[in-house]
Structures are given as C-alpha cells and as structure tokens.
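All remarks here apply to the structure that follows.
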Amino acid sequence: MLPLETLLYIIIFSLLSGSMYLVYSSGFSLLFSVAGLPNLAYGIFYTIAAYGVYIFLNSLKFNILLSAITSIILTIIIALAINEVAVKPVIKSPISMFISTLAAAYVIEEWLMINYGKSYLTLPRIQGAFYFLGVPIEYQWGLTVIVGIILMVLLYFLIYHSDLGLKIRAVAESWEEAWLIGINPSKILMTTTIISAIYAAIAAITLVPLKAISPDMGWSLLFTAFAIIVLAGVGEIKYLLASTLIYAFSEQTVVYIANQTIASIVPLLLVIIVLIIRPAGLFGGRSK
Amino acid sequence: MRRYFMLVFTLVLLLLGLLLPFIIIKFTGKTYWIIVFTEATYFALFTLSLDVFSGTTGYLNLGHQLFIGLGALLSGYISLNYGFPPLLSVTISAIISGIAGLALFLPSLRVRGFYFALLTFFTPMIFLYLFSAYPLNLYFGGEGGLSVKHYLYGIVPQRILLNNIYRPLLDYYVPLLLLILFIIFSYKLTFYTSFGISLRSIGQDEELARASGIKVNRIKAIALFISAFMAGFTGALYGHYIGVITTEFFSPLTFLVPILAIWIVGGPGSIAGSVFASYLLIPLEEFLRPLVGEYRVMLYMAILLFLIILKPTGLISWLILKIRGIKSGTS
Numbered sequence: 001m002l003p004l005e006t007l008l009y010i011i012i013f014s015l016l017s018g019s020m021y022l023v024y025s026s027g028f029s030l031l032f033s034v035a036g037l038p039n040l041a042y043g044i045f046y047t048i049a050a051y052g053v054y055i056f057l058n059s060l061k062f063n064i065l066l067s068a069i070t071s072i073i074l075t076i077i078i079a080l081a082i083n084e085v086a087v088k089p090v091i092k093s094p095i096s097m098f099i100s101t102l103a104a105a106y107v108i109e110e111w112l113m114i115n116y117g118k119s120y121l122t123l124p125r126i127q128g129a130f131y132f133l134g135v136p137i138e139y140q141w142g143l144t145v146i147v148g149i150i151l152m153v154l155l156y157f158l159i160y161h162s163d164l165g166l167k168i169r170a171v172a173e174s175w176e177e178a179w180l181i182g183i184n185p186s187k188i189l190m191t192t193t194i195i196s197a198i199y200a201a202i203a204a205i206t207l208v209p210l211k212a213i214s215p216d217m218g219w220s221l222l223f224t225a226f227a228i229i230v231l232a233g234v235g236e237i238k239y240l241l242a243s244t245l246i247y248a249f250s251e252q253t254v255v256y257i258a259n260q261t262i263a264s265i266v267p268l269l270l271v272i273i274v275l276i277i278r279p280a281g282l283f284g285g286r287s288k
Numbered sequence: 289m290r291r292y293f294m295l296v297f298t299l300v301l302l303l304l305g306l307l308l309p310f311i312i313i314k315f316t317g318k319t320y321w322i323i324v325f326t327e328a329t330y331f332a333l334f335t336l337s338l339d340v341f342s343g344t345t346g347y348l349n350l351g352h353q354l355f356i357g358l359g360a361l362l363s364g365y366i367s368l369n370y371g372f373p374p375l376l377s378v379t380i381s382a383i384i385s386g387i388a389g390l391a392l393f394l395p396s397l398r399v400r401g402f403y404f405a406l407l408t409f410f411t412p413m414i415f416l417y418l419f420s421a422y423p424l425n426l427y428f429g430g431e432g433g434l435s436v437k438h439y440l441y442g443i444v445p446q447r448i449l450l451n452n453i454y455r456p457l458l459d460y461y462v463p464l465l466l467l468i469l470f471i472i473f474s475y476k477l478t479f480y481t482s483f484g485i486s487l488r489s490i491g492q493d494e495e496l497a498r499a500s501g502i503k504v505n506r507i508k509a510i511a512l513f514i515s516a517f518m519a520g521f522t523g524a525l526y527g528h529y530i531g532v533i534t535t536e537f538f539s540p541l542t543f544l545v546p547i548l549a550i551w552i553v554g555g556p557g558s559i560a561g562s563v564f565a566s567y568l569l570i571p572l573e574e575f576l577r578p579l580v581g582e583y584r585v586m587l588y589m590a591i592l593l594f595l596i597i598l599k600p601t602g603l604i605s606w607l608i609l610k611i612r613g614i615k616s617g618t619s
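Same order as they appear, the protein sequences are chains R and U. All residue numbers for the first sequence refer to this note's numbering, where the first residue is 1 and numbers rise by one. All residue numbers for the second sequence refer to this note's numbering, where the first residue is 289 and numbers rise by one.
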C-alpha cells in the first residue's frame, strides 16, 4: 500500500490538476455536453485568449486587468466569427461540424504558428506561495482552485436554474421545436458561443501563466475535457466535478507509479474503458 | 453505366500514369514533377484507404494518420533492428496497424459514430507525444527520426536505386501500380460483393441493416481492419520511400489535413473522385508553393471549410455525376 504521506501528496496534486481541468472543461461541456455542439474550435478560443493577453500586455503595454478584458472581448469576436462560418451552416450534421470547426481552428493555429510560434512566450504569474497541510502551493494554483469552483457553480446555476439554461437545453433537444415554441435558436446558439468563449478566455488567463504559450496548447486539454465529459456522461453537468476528481486522481496515481509520459495515455484508456463498459458515463442515466 | 465508367477511368488513369513521366521529361527535362506526382499517388492511396471505411459506412475517421504513422514507425523499427527486408517489415507493421484500428474501434460498438470521430481525432495526438518522449524516443528515433532503407532494397540492384533517372521512375511506378490494384480491389469489394453491399447498407441506415440480419459490427470491424491495413502498408511504403520516418507522421498537419481536404474535394464514397482530387490538389499546392509558401495548411483548411459548407457531397463527385448524368440520360 501507499504510505499515508504519499497518498496525501497524490490527493493534493490531483485536487490542483483537477481544478485546472475543471476550469478548462466547464466551458467545453457547455458547448459539447449541454448544447450538443461538437465544436472543436473551443481549443482555439483558449489559445486566442492566451495570445491576446500576451500581445495586449507586451506589445500594447496595457495593464493586466485591461489586457484580460480586451482579450476576453477579442475571443468573443473570433468565437462568433467561427460560429457564423463553421458552426451555423452545418448545424444539422455533427460530422460535418467536426471537419468545419477543425478547419477553422487550424487556419487560426497556423496563422499563430507562423507569426508567433517560433519563440518561447510566457505570461506573468502571481508570485508567492502558501502552505496547505505542509505542502507548498503557489498562489496561482490557489487562484485556479477558486476560479474552477466559481466557474463550475455558475455553470450549474446557468444550466439548471435559469431561463437561458432551459432555452439552451431546449435548442439542443430540437432546433425546430424550440423555434416553434418561440425561442430564437440562432440567438441561443450565439449566446452559448459567447458564454463558452468567456469561459475559455477566463481559463486561459488563469491557467496559461502556469505553463508556456504555444499555438497547439489547446488540443491536449481539449482531449482531457472530452475524457472528463465521457466519464461523467454526456449531458450530466451535475457530475462534472466528481468525474474531474476521479480523472485527476487516476492520472496523478499513474504519474506517481510510472511517469508523466505514461500518464498521457490515461485519458485514452479511461475513455475506451468507459465507452465499452458504461457508454452512458459513470453517473449517466441516474438523473433521467 | 457505372461499370463502364470505372473501367474507362482505370484504363485512362493507367495509360496517363504510365506516359506521364515521359511527357514530363520531354517538356521539362527534369525529374522534379515526377516526384510531385509520386507524392500525389501516395496521397491518393491514403485517401482511398480512408474511404474504404469512412466513405462507405459514414463513420468519420479523423485519425487516419495514426495508422499511417504506426505502419511507418513500426516498419522502420523492425527493419532496422531485426534486419528484415523492408517489404516484409512493411507487411508486418501493416497488420499491426490493422489490429490497432480494431482496438480503437471496440468502444464504438456500443456508442454512436460521433464518439468514434472524437476518439480517432485525439488518439494520434497522444501517440505523437508518447513516441517522441522518453522512453519510446530511444527506440523510435525521437526528434531526428529513423533513417531507413528503400523498400526495394535487396530486391532491385543497388546501381538502379542510385541512378538519378531510374530511381524516380521506379518510385513513381510502384505506388501507381499499387493504386490501380487498390482501385480495382476497393471497387470490386464495395460494389460486387455481398460484403460491400452490407457495408453500404450500414452507411445508409445502420438500424435497418441490423434488423435485416446483417452482422453490422463484424462488417464494420472488417472494413476498418482493411482500411487501417491499407493505410499502414502505404504509410510504411511512404516512409521507406522518403527515407526518414519521424514521429511527425502522427501530427495532424502532416497527413490528416491534406487527406481530409482531398477526401472532401473528391467526395466521400467516391473512388474516382478521391483519385482525381489528389492529382489535382497536390500538384496545385506545388504549383502555388512560391505564392502560398508556409501558408500551405491554411490554404488546405480554407478549401475544406469552403467546401464543407457549400457542397458537402464533394466537388468532383458532383461533377462526375453531372457528366455521367448527361451522358446516360439518367442521374
């Protein structure tokens, strides 16, 4: 058995990385899990927000708050453009949406790669650390935990306890029937995209200081988000937190037993196992 | 009508393909464009191998480069470490790619094709990371890649492989012959066997196919095995032809992006369309290289985005239908 102290470390690290995944995946689950849009460009929203902050901060010399706000606005604008070009025309066919959003994402990623990809970029992070149960934790990680919980709670209330959430779920159920009962589906689609873009931008501002900026950084987190959603069951926002923690714990255990490289295969194995054993997700089917 | 069309198409392709190098050498005096058309032939093969599964069943495979990369890397590893002749290692690694395809397909037995697309899209990214990081990078060359011998090494005398006229010609004709064989094979398989009929009926309506007694899962699995095997075989051949096999084979930008563009331009499910499109797009890209330069991927993606929105059935298959419709009086 694992010694108690090691177990404590694994639990704390999985809480930290879990909060990181939670920050990232809450926006994607709004798009993918609730609204039923397999929008692969979510990864690029995140990347754009990170580059936005970097450019506003370093080239235009804005202060940190102003550059965060402008980069959120920039992300919303680009997300809406992608929504118009790559999502709306193929709204009926999820398979086509994969290809079109993928294409849109790669157009932007290549542009970033050509213009900014060659150098090593970082964002400033909050300096300092505090001790939690004897484990030193940086303030930036502490911020990640707080932001993760706030985003999660907000998403929960948005989906289950607001008029807008009801409309989003209605449109996901059926585009025509939602229209028949007086909801404007394309307006709801736009609103969903705007909210997910804001989520992606906040995720980028919170998480990117922890690592370097690169044009392709959105993809690996996107897969993690996908794995977490499959684990929870598509459409099951309530269980997102639990599945994130299960995911992070199993990943950190593999990191401890083997190494980081081997651990990268964890999401793949988890997804395959869950899809074979319980296609509705670990918690799926209980609420319905 | 279809039978004559495919017969004429294959014959014309064979004839043009055989004559093309002589035309090129006569007009340009260089072998440069032969190399470009060799590239186009390989991409036609890759696209056809994608089409065997995705074009017929309608399950979108967004990770086709996984099979290409696995075939190439494993073949490189086997031929370098066990001293097998390249053609043998190519076959072995193609079989392993096929099995990998089956493993990846397992979860899709229970859920919709939607998950299959996402799963196949993300798996090569994990393999890219896995193969280029410690400890696998020690075996598969890491960043520098594996330097491998030509696939005909040991079969064809060395002086031909070193000759700067015969070598490009040989490199050009081998995949061309493979392409002709594969067109005939996949055409016969899809349209003239009960297997192919079952396969296409799954693409039309999976539940109905299941209800009429077709063993849907088995058919899908076999088709994916064929698709992955073909991709692995061609990928390994391509790797031995290029000479350096890197983990970049797994990167979506190396293969997936051009293959998807070719597939969509040609029209999913259209054999002739895929072949046409790759002989159109790859030389076009080469032709535009001075203009687009490093914006190559953006060009492909813009084409793809444009087409998927305007004409999701594919440009060339639409043209073919038009032409055939006019000729035969029906459509």
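Virtual Cβ for every residue (Gly too), placed ideally from N, Cα, C.
With residue i and residue j assumed to form a contact (beta carbons below 8 Å), what rounded beta-carbon distance in angstroms separates them?
i, j, result
"residue 335/U", "residue 463/U", "Wrong, their Cβ atoms sit about 13 Å apart, outside the cutoff."
"residue 101/R", "residue 200/R", "Not confirmed; about 13 Å, so no contact."
"residue 94/R", "residue 513/U", "Not confirmed; about 25 Å, so no contact."
"residue 227/R", "residue 270/R", "6 Å"
"residue 254/R", "residue 262/R", "6 Å"
"residue 68/R", "residue 53/R", "6 Å"
"residue 392/U", "residue 407/U", "7 Å"
"residue 413/U", "residue 223/R", "7 Å"
"residue 338/U", "residue 352/U", "5 Å"
"residue 375/U", "residue 439/U", "6 Å"
"residue 57/R", "residue 64/R", "7 Å"
Could you check whether residue j and residue i sit closer than 9 Å to each other, using their CB atoms as the reference points?
i, j, result
"residue 24/R", "residue 268/R", "no"
"residue 239/R", "residue 232/R", "yes"
"residue 103/R", "residue 593/U", "yes"
"residue 189/R", "residue 87/R", "yes"
"residue 364/U", "residue 436/U", "yes"
"residue 535/U", "residue 357/U", "yes"
"residue 585/U", "residue 541/U", "yes"
"residue 175/R", "residue 91/R", "yes"
"residue 362/U", "residue 380/U", "yes"
"residue 549/U", "residue 576/U", "no"
"residue 395/U", "residue 275/R", "yes"
"residue 149/R", "residue 33/R", "no"
"residue 595/U", "residue 547/U", "no"
"residue 35/R", "residue 192/R", "yes"
"residue 478/U", "residue 340/U", "yes"
"residue 377/U", "residue 524/U", "yes"
"residue 560/U", "residue 294/U", "yes"
"residue 16/R", "residue 145/R", "yes"
"residue 466/U", "residue 458/U", "no"
"residue 170/R", "residue 183/R", "yes"
"residue 38/R", "residue 125/R", "no"
List the endpoints of the continuous alpha helix (DSSP H) containing residue i.
i, result
"residue 353/R", "The requested residue 353/R does not occur in the structure, where chain R is confined to residues 1 to 288."
"residue 360/U", "352-370"
"residue 131/R", "Careful: residue 131/R lies outside any alpha helix (DSSP H), inside the beta strand (DSSP E) at 129-132."
"residue 242/U", "Outside the displayed range of chain U (289 to 619) lies residue 242/U, so it cannot be described from this structure."
"residue 58/R", "42-58"
"residue 163/R", "163-173"
"residue 216/R", "That residue, residue 216/R, is in no alpha helix (DSSP H); it is neither H nor E in DSSP."
"residue 574/U", "559-580"
"residue 474/U", "454-480"
"residue 584/U", "584-598"
"residue 187/R", "185-207"
Which residue from the options puts its Cα closest to that of residue i?
i, options, result
"residue 583/U", "29/R, 13/R, 113/R", "113/R"
"residue 410/U", "18/R, 136/R, 282/R, 219/R", "219/R"
"residue 216/R", "254/R, 149/R, 67/R, 46/R", "46/R"
"residue 532/U", "307/U, 331/U, 368/U", "368/U"
"residue 501/U", "487/U, 574/U, 468/U", "487/U"
"residue 323/U", "472/U, 294/U, 453/U, 598/U", "453/U"
"residue 566/U", "499/U, 429/U, 325/U", "325/U"
"residue 389/U", "316/U, 524/U, 516/U, 378/U", "516/U"
"residue 130/R", "55/R, 139/R, 123/R", "139/R"
"residue 528/U", "520/U, 360/U, 495/U", "360/U"
"residue 469/U", "518/U, 432/U, 446/U, 483/U", "518/U"
Any alpha helix (DSSP H) of 4 or more consecutive residues that is wholly inside the stretch 231-276 of chain R: 240-257, 260-263
Contact residues within the stretch 363-396 of chain U, judged by C-beta distance below 7 Å to chain C: Of the chains in the structure shown, none is chain C; the protein chains are R and U.
Start-end ranges of the alpha helix (DSSP H) lying completely within the stretch 290-336 of chain U, minimum 4 residues: 290-316
Alpha helix (DSSP H) segments (min. 4 residues) lying fully within the stretch 4-30 of chain R: 4-29
Uninterrupted alpha helix (DSSP H) stretches inside the stretch 397-434 of chain U (no shorter than 4 residues): 401-420, 424-428
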